Amino acid sequence: MNNNAIALMCGITFGAGLTLSQMTDPAKVLGFLDIAGNWDPSLIFVMLGALTVTMISFRRILKKPSPLLAQRFVIASRTALDKPLILGSAIFGIGWGITGYCPGPSVAGLGLGNTEALIMVCAIYAGFWAHGKMKV
Amino acid sequence: MDNFTPLSSFSGGLLIGLAATLLLLFNGRIAGISGIMSGLISPSKGEILWRLVFLLGLVLGALLVKALIPESIKIREGFPYGLLTIGGFLVGFGTRMANGCTSGHAVCGIARRSKRSIAATLTFIVSGMLTVYLLRHIIGLSV
Chain A
1 MNNNAIALMC
11 GITFGAGLTL
21 SQMTDPAKVL
31 GFLDIAGNWD
41 PSLIFVMLGA
51 LTVTMISFRR
61 ILKKPSPLLA
71 QRFVIASRTA
81 LDKPLILGSA
91 IFGIGWGITG
101 YCPGPSVAGL
111 GLGNTEALIM
121 VCAIYAGFWA
131 HGKMKV
Chain B
137 MDNFTPLSSF
147 SGGLLIGLAA
157 TLLLLFNGRI
167 AGISGIMSGL
177 ISPSKGEILW
187 RLVFLLGLVL
197 GALLVKALIP
207 ESIKIREGFP
217 YGLLTIGGFL
227 VGFGTRMANG
237 CTSGHAVCGI
247 ARRSKRSIAA
257 TLTFIVSGML
267 TVYLLRHIIG
277 LSV
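Okay, here's the thing in structure tokens:
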């Protein structure tokens, strides 16, 4: 197994998880964000499922000197709660609340014959590009 | 709460956690989708193929579930493409500014007990809820 085979396998598992939990359905996500409407807490259970695994595994893995198939761990080193973090998250939340899509389900939805997913992925890349131009 | 699906949501979450665990254990990488996506536009050597196959995997994983459990797939119709474009742009811009999204901050960052990721997650959930409240209950958008 090389790095790319692992990446493919992890992508498939991640995409299956997003789809099984119906996070590829924007109506489901908006149902979670709509606390004043017909609230659907399912997204909390997706988070609980994912964190049940990662809260245990990450701590153990990161005690190792290196990953099994790479030289080192590539982990964000910043710790400050700065303005770009909070402002960027707030901007992301607005886009998430308008559309019901975050990046993972947008990509996973490309395979489901979903025109919305294609528009989302293109628009997300436009946002990446604009951020790169502005360097904020 | 008639749409509540705790079991399939929790099971899907376990798979997401498993994927993030294996990517970190073998490749030493964080499964943050916005970061994996954006790394394709300013490429450096050895940083393209694994990102492409991971993203291809997301699509294949969705197709796999569609083949096994077709009733789990719902495609929304009638949502305005203009709103989708504006929203998608904000998702792209915001996740780059904040260095992560739901996967990178909420799943992987919180697992590392990162204060930045906890703050980011709370911020985008509150911001998302306020946005939905404004659109659905103040403006009256019905899709």
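Chains as they are written, first to last, in the numbering used here: chain A, 1 to 136; chain B, 137 to 279. Heads up, the beta-carbon is just placed ideally off N, CA and C, and yes, glycines get one too. Only a predicted model underlies this, so the values are computations on that prediction, with no experimental measurement involved.
| Item | Value |
| --- | --- |
| Continuous alpha helix (DSSP H) stretch holding K83 (chain A): start and end | 83 to 99 |
| Test: S147 (chain B) CB closer than 9 Å to a CB of chain A | yes |
| Cβ contact (3+ pairs, closer than 8 Å) linking the segment 223 to 236 of chain B and the segment 118 to 126 of chain A | yes |
| Simplified DSSP state of P67 (chain A), which is helix, strand or coil | coil |
| Rounded distance between the beta-carbons of F14 (chain A) and G104 (chain A), thought under 8 Å | 7 Å |
| Chain B contacts from the segment 19 to 31 of chain A (Cβ-Cβ distance under 8 Å) | T19, L20, S21, Q22, M23, T24, D25, P26, A27, K28, L30, G31 |
| Distance between I91 (chain A) and M134 (chain A) (C-alpha atoms, nearest Å) | 15 Å |
| Interface residues of chain B facing P65 (chain A) [CB-CB closer than 7 Å] | Simply none; closest approach about 11 Å. |
| Residue burial classification, M1 (chain A) (beta-carbon count within 10 angstroms, cutoff 16) | exposed |
| Under the three-state DSSP convention, the category L176 (chain B) falls into | coil |
| Unbroken alpha helix (DSSP H) run spanning P216 (chain B), endpoints | Here P216 (chain B) belongs to no alpha helix (DSSP H), and DSSP marks it neither H nor E. |
| Amino acids of chain B, ordered along the chain, whose beta-carbon sits closer than 7 Å to that of S57 (chain A) | T157 |
| D82 (chain A) classed as buried or exposed, judged by whether at least 16 other C-beta atoms fall within 10 angstroms | exposed |
| CA-to-CA distance, R212 (chain B) to F32 (chain A), given in whole angstroms | 16 Å |
| Stretch-stretch touch, CB-based, cutoff 8 Å, three pairs: the segment 138 to 149 of chain B with the segment 34 to 53 of chain A | yes |
| CB contact check: I169 (chain B) to chain A, cutoff 9 Å | yes |
| Amino acids of chain B, ordered along the chain, whose beta-carbon sits closer than 7 Å to that of V77 (chain A) | The question names Val, but residue 77 (chain A) in the sequence shown is Ser. Going along chain B, no residue has its Cβ under 7 Å from S77 (chain A), so there is no contact; the nearest lies around 10 Å. |
| First and last residue of the uninterrupted alpha helix (DSSP H) at S263 (chain B) | 251 to 268 |
| First through last residue of the alpha helix (DSSP H) which encompasses E116 (chain A) | 115 to 134 |
| DSSP-derived helix/strand/coil call for S77 (chain A) | coil |
| G164 (chain B) at chain A interface by Cβ criterion, 9 Å | yes |
| Buried versus exposed call for T79 (chain A) [16 or more other C-beta atoms within 10 Å across all chains shown] | exposed |
| Cβ contact (3+ pairs, closer than 8 Å) linking the segment 151 to 160 of chain B and the segment 3 to 11 of chain A | yes |
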